[in-house]
Ligand code: PLP
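Numbering (full-length UniProt numbering), first residue to last: 16 to 450.
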């Protein structure tokens, strides 16, 4: 029982440095958040030691008296946090992550080579929604299923539902997927349901990014019309890293028969082995938090802060995809300024501002994306206010000004030359100090 610091000072020191990095800089990655002490404690508990293949009450291992109670509590809290009637909805809390939750869902719903339609990655969709390029099938969801992604309208940045409907008529998907990693606007669930119904398709929502907002009723409710809803638990929901799959128990539609046993089978034994009980306990703690009045206030603040960040950037003359946001994220189009998202990400890294480059619809190459994705969830967890986000926008503006200046003086478009030219740059040093 030697403490980590004594047994492995090398790893301990790196963890301490990462802790300092996380709390001394400005964390603006839209998929990240700061989880609570209570979640950390459950996640780092003795539950790590336990194997429990199967479901509560039906395990392939002994010794699951307490683990069963934890998993049942997690299921109950998941349904309660999203205001679901246990007679109508069930949930599997075992997925290790959002990606495995999505693949297990496809495994449950359809057969190999069946057709799926999800939002294209360059339009803001996630890899696991069938991502492929013209040359290559990238995600297993496009390798094992036929994928025809839909896109946003390049003029507005909003999802082009008319084109989606027309393409669905040709492709006749078995699963229509909504949800995204970089889409700042609300979903038109009733339109999506009607498109799915035209082909007797499942409607699946991957609410990973916005699940905290859905729980707090700060986003439209996907459960009203969807057959299956998946999520990660570590983004706006502020839990440990894991996934959940919610499924409709009863419905008039024949497609929803037996969803419970199909989803449960798909998670284990089809896609996973033993559940990570420590994570399930930590998810249960996060779900208890998500059902509290404090969390509703948090989710409201996340949206207000993201909105204010967007407005402040627009105030500096910048262009946002769709012009603003309905959720926690802002998609910033830097192409009018002729700097790439990679260069802004690099400068921000050097100034202790953590962001990520992101494709913006119409980008020629996904390797040099023209945008940056920003999220307000993490800094809102650190009690940042709208005024603080106005200051954050000022820092980001300074980063872009530095990029424009250095790019024009360094005479090369290559990132490595750009980084070299940043060395010792006075405005960057000042920005790092101010951050
Ligand atoms: N779904 C969406 C919409 C996501 O944005 C992500 C991750 O960012 C995932 C799924 C995958 O989650 P994980 O990284 O836990 O596999």
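Don't be surprised by glycine CBs; every beta carbon is placed ideally from N, CA and C.
- Counting along the chain, residue 372 sits inside no alpha helix (DSSP H); it lies in the beta strand (DSSP E) bounded by residues 371-373.
- One Cα belongs to residue 31, the other to residue 37, and the distance between them is close to 10 Å.
- Rounded to the nearest whole angstrom, the C-alpha separation of residue 253 and residue 181 is 38 Å.
- Residues 62, 292, 295, 296, 299 of the same chain have their beta carbon placed closer than 8 Å to that of residue 85, with the five preceding and five following residues left out of the count.
- Taking 6 Å as the cut-off, one finds at least one heavy atom of the ligand PLP near enough to the beta carbon of residue 194.
- DSSP places residue 403 inside the alpha helix (DSSP H), whose first and last residues are 401-425.
- In the structure shown, residue 341 falls within a coil segment according to DSSP collapsed to helix, strand and coil.
- One thing to note: residue 275 has its Cβ no nearer than 7 Å to the Cβ of residue 235.
- Contact annotation: residue 259 and residue 241 have beta-carbon atoms that are not nearer than 7 Å.
- Assignment of beta strand (DSSP E) within the segment 33-108, counting only whole runs of 3 or more residues, yields 104-107 in chain order.
- In the three-state DSSP reduction, residue 111 falls in the coil class, being neither helix nor strand.
- Fewer than three beta-carbon pairs drawn from the segment 86-104 and the segment 187-199 are found closer than 8 Å, and the two stretches are therefore not classed as touching.
- Closest by C-alpha distance to residue 442, out of 214, 107, 279, 421, is 421.
- Considering only 117, 102, 16, 59, the residue with the shortest C-alpha distance to residue 285 is 117.
- A straight-line Cα-Cα distance of about 42 Å links residue 437 and residue 245.
- Close CB contacts of residue 208 within its chain, under the 7 Å cut and outside five residues either way in sequence, are with 218, 240 (chain order).
- Residue 366 and residue 390 have their C-alpha atoms spaced approximately 17 Å apart.
- Comparing alpha-carbon positions, the option among 210, 271, 424, 314 lying closest to residue 233 turns out to be 314.
- A distance below 6 Å between beta-carbons, with the five flanking residues on each side excluded, links residue 123 to the following residues of its chain, in chain order: 277, 278, 281.
- Less than 7 Å divides the Cβ of residue 310 from the Cβ of residue 231.
- The three-state reading of DSSP puts residue 263 in strand, counting E and B together.
- For residue 341, the shortest C-beta to heavy atom distance toward the ligand PLP is 6 Å or greater.
- In this structure, residue 46 places its C-beta atom within 7 Å of the C-beta atom of residue 250.
- DSSP places residue 379 outside both helix and strand once states are collapsed to three, so it counts as coil.
- By the neighbour-count criterion, in which a residue is buried when 16 or more other Cβ atoms sit within 10 angstroms of its Cβ, residue 449 is exposed.
- Exclusion of the five residues before and after residue 301 leaves 50, 51, 54, 248, 252, 253, 254, 255 as the residues of its chain whose Cβ lies within less than 8 Å of its Cβ.
- The alpha helix (DSSP H) runs of length 4 or more contained entirely in the segment 304-339 are, from start to end of the chain, 308-330.
- As a beta-bridge residue in DSSP terms, residue 389 pairs with 345.
- Between residue 388 and residue 349, the C-beta spacing is not below 7 Å.
- DSSP places residue 229 inside the alpha helix (DSSP H), whose first and last residues are 226-230.
- Inter-residue distance for residue 77 and residue 70 is about 12 Å (C-alpha atoms, whole angstroms).
- In the structure shown, residue 165 adopts extended strand secondary structure according to DSSP, grouped into three states.
- Secondary structure at residue 193: strand, using DSSP grouped into helix, strand and coil.
- Residue 20 is classed as exposed because its beta carbon has fewer than 16 other beta carbons within 10 Å across all chains shown.
- From the listed residues 305, 444, 426, the smallest Cα separation to residue 368 is found for 444.
- Looking only at 82, 146, 354, 371, the smallest Cα-Cα distance to residue 427 is reached by 354.
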